[in-house]
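For reference, the structure discussed in these notes is given below.
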């Protein structure tokens, strides 16, 4: 098992990153996880409505990607390939458990608002205790409202509005036509506008935050499992009788 120095976004392309991971470069694998953790967690969280389940799916997806990194084709993006794996695993877990919970904080849905312009998040450090309480109350209300969205609409909403992916990128991640992405996002916005009656000033920039301790926990968990797999493989090879 080898490990390269911590990479930077500009230092390696997807094909090179996949090649390094295929050569058992732990540093490259850790870089892959830290670069994609936020997006993948948000997607899993939108589907599963549970942070702990989303973390479990994320770790399982990374291990699957590690085992099948040779299957990655350079004509696609690694992030898209990973997103598909996460979506498939999250949907499988959702079908198995039939359990829905989510914590979401949304912005005001104005159909005429430019993308991104309506989603500025006030600095939490500048909030008064009263404002912080109001923010918490709004989140609780929105938890109930967002639960009413079918999973297909939540998935599109998470990729388009939370991760700000393009229509083409979202379609590739979900394996659906671009026209379907547009129609589902339009319907999701409409359902939320109607449900919220346009009374709240909301924000999506901090939805499904993923970083710090949670990011470190997922990375450490995946690397520990990866090392265990490598150790088991080494032990198995050592146990094989030598041919004379």
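Residue numbers (the working numbering): 2 to 245.
We treat Cβ as the ideally placed atom computed from N, Cα and C, and that holds for glycine.
Presumed contact (8 Å Cβ cut-off) between residue i and residue j, rounded CB distance
i, j, result
"residue 53", "residue 45", "The pair is not a contact, with the Cβ atoms about 11 Å apart (cut-off 8 Å)."
"residue 186", "residue 161", "5 Å"
"residue 75", "residue 15", "7 Å"
"residue 224", "residue 61", "Wrong, their Cβ atoms sit about 14 Å apart, outside the cutoff."
Option nearest residue i by Cα separation, candidates the options
i, options, result
"residue 195", "183, 74, 219, 146", "146"
"residue 152", "80, 28, 67, 91", "91"
"residue 213", "38, 86, 156, 189", "38"
"residue 142", "173, 197, 176, 177", "197"
"residue 87", "224, 169, 58", "58"
"residue 80", "19, 138, 156", "19"
"residue 94", "51, 173, 217", "51"
"residue 226", "33, 137, 17, 63", "63"
"residue 89", "219, 156, 235", "156"
"residue 154", "184, 138, 173", "184"
Rounded C-alpha distance that separates residue i from residue j
i, j, result
"residue 180", "residue 35", "31 Å"
"residue 164", "residue 237", "42 Å"
"residue 40", "residue 232", "30 Å"
"residue 228", "residue 221", "11 Å"
"residue 49", "residue 82", "19 Å"
"residue 47", "residue 159", "6 Å"
"residue 182", "residue 171", "7 Å"
"residue 111", "residue 166", "Because residue 111 sits at a pLDDT of 45, beneath the cut-off of 50, its placement in the model cannot be relied upon, and the following sentence gives the value as read from the coordinates. Cα-Cα distance, rounded: 19 Å."
"residue 189", "residue 150", "7 Å"
"residue 96", "residue 192", "24 Å"
"residue 175", "residue 85", "7 Å"
"residue 68", "residue 42", "20 Å"
Exercise for the section: Please list the segments of the alpha helix (DSSP H) lying wholly inside the region 157 to 194, counting only runs of 4 or more residues, in order along the chain. Expected result: 168 to 175
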